[in-house]
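Novice: The numbering of the sequence shown is the working numbering, which starts it at 464 and goes up by one.
All C-beta atoms, glycine included, are put in the ideal place defined by N, C-alpha and C.
The structure's right below; bear with me while I get my questions together.
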Amino acid sequence: MGFFSRLFGGKSTTEDPVQVEAVEYKGFNIYQEPVKEGGQYRIAGRITKDFDGELKEHRFIRSDVVASKDDADELMLNKAKMFIDQMGDNIFG
């Protein structure tokens with residue numbers, strides 16, 4: 464029900480956007496941006512890479528939810544690294 468209320472203008476349970484420091488990994492920048500939902504955190508973030516002055520970005524949100532922001536950040540970083548290892552530059556294709 465929370466998804467639909469946010470989709471159609473209901474009260475948002477997310478916090479104000481916070482400036483996130485990127486974690487560099489194999490030429491990619493990983494931004495850990497978990498989404499707070501009902502006292503838990505959904506694993507979310509983005510991966511970016513600069514290609515000759517053009518910044519490419521891949522955003523993702525997972526179905527996984529955990530109890531703490533630190534756990535969500537750690538899981539997001541691990542999943543992003545695995546995704547980069549498997550896909551490389553094809554992430555943006």
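So, helix, strand or coil for G502, using DSSP?
Specialist: The residue you call residue 502 lines up with position 39 of the sequence shown. Note: G502 maps to coil in three-state DSSP.
Novice: Quick one: using the 10 Å Cβ neighbour count with 16 as the cut-off for buried, is F514 buried or exposed?
Specialist: Within the sequence shown, residue 514 is the residue found at index 51, counting from 1. Answer is exposed; the Cβ neighbour count stays below 16.
Novice: Here's the rule I'm using: 16 or more other beta-carbon atoms within 10 Å means buried, otherwise exposed. How should A530 be labelled?
Specialist: Your numbering for residue 530 matches position 67 in the sequence shown. With fewer than 16 other Cβ atoms within 10 Å, it is exposed.
Novice: Could you pull the start and end residues of the alpha helix (DSSP H) that Q549 belongs to?
Specialist: In the sequence shown, counting from the first residue as 1, residue 549 sits at position 86. Counting along the chain, the alpha helix (DSSP H) containing Q549 begins and ends at K532 to M550.
Novice: Suppose the cutoff is 8 Å on Cβ atoms and the five residues either side in sequence are ignored; what does the same chain contact list for I506 look like?
Specialist: Taking the first residue of the sequence shown as position 1, residue 506 is located at position 43. Cβ neighbours of I506 beyond the five flanking positions: P497, I524, R525, D527, V528, V529, A535, L538, M539 and K542.
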